[in-house]
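Data block below; observations after.
2 protein chains.
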Amino acid sequence: MSRKIEVCLTPALLHLYDISNSIVVVIDVLRATSSITYGIDNGAKAIIPVAQVEDCLNFVDSGYLLAAERNGEVVEGYDFGNSPFSYTKEKVNGKTIVLTTTNGTKALHMARENAYQVVIGSFLNLTALSNWLISQDKNVLLLCAGWKDKFNLEDTLFAGAVVNLLRKNFNHFDDSCVAAEDMFLLAQADLRAYLYKSSHSHRLAQLNIEDDVQFCLKIDICEAIPVLEGERLVSLNYKK
Amino acid sequence: MSRKIEVCLTPALLHLYDISNSIVVVIDVLRATSSITYGIDNGAKAIIPVAQVEDCLNFVDSGYLLAAERNGEVVEGYDFGNSPFSYTKEKVNGKTIVLTTTNGTKALHMARENAYQVVIGSFLNLTALSNWLISQDKNVLLLCAGWKDKFNLEDTLFAGAVVNLLRKNFNHFDDSCVAAEDMFLLAQADLRAYLYKSSHSHRLAQLNIEDDVQFCLKIDICEAIPVLEGERLVSLNYKK
């Protein structure tokens, strides 16, 4: 059987792909999809991604936790932003969270228009996600959220990690798969060190989120796979 | 002084960049920009890139050579396509050529709208081009033509080769620079072997253009730098 993996390097290229028979994995490693994975793994009932900070206001009296981040900082008046440390069991177990982020939410909303299914990937659930993708009878598109529609290293590295695990079970790979996998193989011995090459390195340092970055690069501390159901990200029910 | 290099991985992302103070290098290694470099180096008076095969028809009685390629093949009735072997001294010296190609021409036309200056790059003129870019007081955007607006390996490898030569003289690099340079460093020992990883590999084999591919990967056999002047690519007048 012919099975295809593609890597879409930024949401601005998504329109070039036919994803009607593909599972789309949305990737925004620093930090939205890491926090979503961690939150769902810690028992959050649902996470509702919204595109604009203003959209969160519709949920003010809902009893939901409100999370908003713009340009890497928590928006004033909100419960939290997208630091994974805000998504611990104590804080999110049984709760619903409304989340807006700079790049991740946008990618999610674009993907759900046309994809067969949309799930969330991060280093935190790398192996669980990859094994599940292998077990499905679908093509896979790895959608990097990037930075303001431009290519970024961290999301591409994660896409490469998935390609590397899926390689034996698929037989069509596009050029961005090849590039992403080779970058991951080059970087895997020390992902953090590799990311110091990034043009975002300076920006990340200014935001004082080094602990977050370190956490988001932890591999396989979660088994949950967040899946989009309607407008909500919930825990995918699969055989672990 | 602050000098910036950026790599735009496909023309579909060009709108994200401010190129008003940048020299844009258009890259379509297989085979348009290699053939253009070789043709200009072999004394072609000018090469006129046009977007559509039909646009060539305006030049039928001009005495110009007409070159048209779609999906890698010469269009019926035209003098030649974009095999570099059609651009030898015997064939092109003193001549003007009207050229349309699948990806390269499109990238050229998009770049010239906003760029400070537009030049042509290929492995054939790698060092000459890079030395000239260093000598200019401008930012550089390396524009990969890609394949139908998607990322491809060969154009990115060349972009990485340029980044590698320019690195010491520039101080701002975006994430796609980092990725392109690392891919080039990984591939440089045998560029042809690396390209067998490409999803285009099968397509290239079908087109029976292995000799062209080998030729387009030759490094530094030309000193000419084609530059866009109005609608024409001509030889840049610079101190060699």
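Residue numbers (the numbering used here), protein chains in the order written: chain A, 1 to 240; chain B, 1001 to 1240. Don't be surprised by glycine CBs; every beta carbon is placed ideally from N, CA and C.
### Message
Quick check on residue 199/A - is its C-beta less than 9 Å from some C-beta in chain B?
### Response
Chain B has a Cβ within less than 9 Å of the Cβ of residue 199/A.
### Query
What residues are listed by DSSP as bridge partners for residue 1229/B?
1232/B
### Task
Could you name the residues of the same chain whose beta carbon sits closer than 7 Å to that of residue 1277/B, not counting the 5 residues immediately before and after it, in chain order?
Chain B is shown only over 1001 to 1240; residue 1277/B falls outside these bounds and no answer can be derived.
### Message
Extract the residue ranges of the beta strand (DSSP E) inside the stretch 1058-1132 of chain B, only unbroken runs of 3 or more that lie entirely within it.
### Response
1065-1070, 1096-1100 and 1117-1121
### Query
Cα separation between residue 1193/B and residue 174/A?
The alpha-carbon atoms of residue 1193/B and residue 174/A are separated by roughly 17 Å.
### Message
For residue 1027/B and residue 1087/B, I'd like the C-alpha separation in whole angstroms.
### Response
18 Å
### Neighbour list for residue 1002/B in chain A, Cβ cutoff strictly below 8 Å
Those do not exist, as residue 1002/B stays about 13 Å from chain A at its closest Cβ, beyond 8 Å.
### Task
Say whether chain A places a C-beta atom closer than 9 Å to the C-beta of residue 1156/B.
Put simply, the CB of residue 1156/B is near chain A, with a gap under 9 Å to one of its CB atoms.
### Query
Are any of the Cβ atoms in chain B nearer than 9 Å to that of residue 178/A?
yes
### Task
Measure the alpha-carbon distance for residue 42/A versus residue 1141/B and round it to whole angstroms.
Using only the alpha carbons, I get a separation of about 44 Å.
### Query
Given that residue 1173/B touches chain A, what residues does it touch there, using C-beta distances under 7 Å?
199
### Message
So that I know if they touch, is there some Cβ in chain A lying closer than 9 Å to that of residue 1010/B?
### Response
Residue 1010/B belongs to the set of residues whose beta carbon lies under 9 Å from a beta carbon in chain A.
### Query
Mind checking residue 1224/B: buried by the 16 CB within 10 Å criterion, or exposed?
buried
### Query
How long is the line joining the alpha carbons of residue 68/A and residue 187/A, rounded to whole angstroms?
31 Å
### Cβ neighbours of residue 126/A in the same chain (closer than 8 Å, five flanking residues each side left out)
158, 161, 162, 165, 219 and 220
### Query
Counting Cβ pairs, one atom from each stretch, are 3 or more of them under 8 Å apart for the stretch 1042-1055 of chain B and the stretch 1090-1097 of chain B?
yes
### Message
According to DSSP, is residue 1215/B part of a helix, a strand, or is it coil?
### Response
helix
### Query
Which runs of the alpha helix (DSSP H) fall wholly inside the stretch 1012-1047 of chain B and span at least 4 residues, in chain order?
1032-1041
### Pairwise C-alpha distance: residue 131/A and residue 1056/B
52 Å
### Query
Interface residues of chain B around residue 150/A at Cβ under 8 Å?
1013, 1016, 1174, 1175 and 1176
### Query
Hey, quick one: how far does the alpha helix (DSSP H) through residue 1178/B stretch, first residue to last?
1175-1187
### Message
For chain A, check one thing: does any of its Cβ atoms lie closer than 9 Å to the Cβ of residue 1165/B?
### Response
no
### Task
Report buried or exposed for residue 178/A, applying the criterion of at least 16 other Cβ atoms within 10 angstroms of its Cβ.
Taking all protein chains shown into account, residue 178/A has 16 or more neighbouring C-beta atoms within 10 Å of its C-beta and is therefore buried.
### DSSP bridge partner residues for residue 1005/B (one or two, in chain order)
1140/B and 1173/B
### Query
Just how far apart, CA to CA, sit residue 232/A and residue 15/A?
23 Å
### Message
Strictly below 8 Å CB to CB, what residues from chain B border residue 110/A?
### Response
Those do not exist, as residue 110/A stays about 14 Å from chain B at its closest Cβ, beyond 8 Å.
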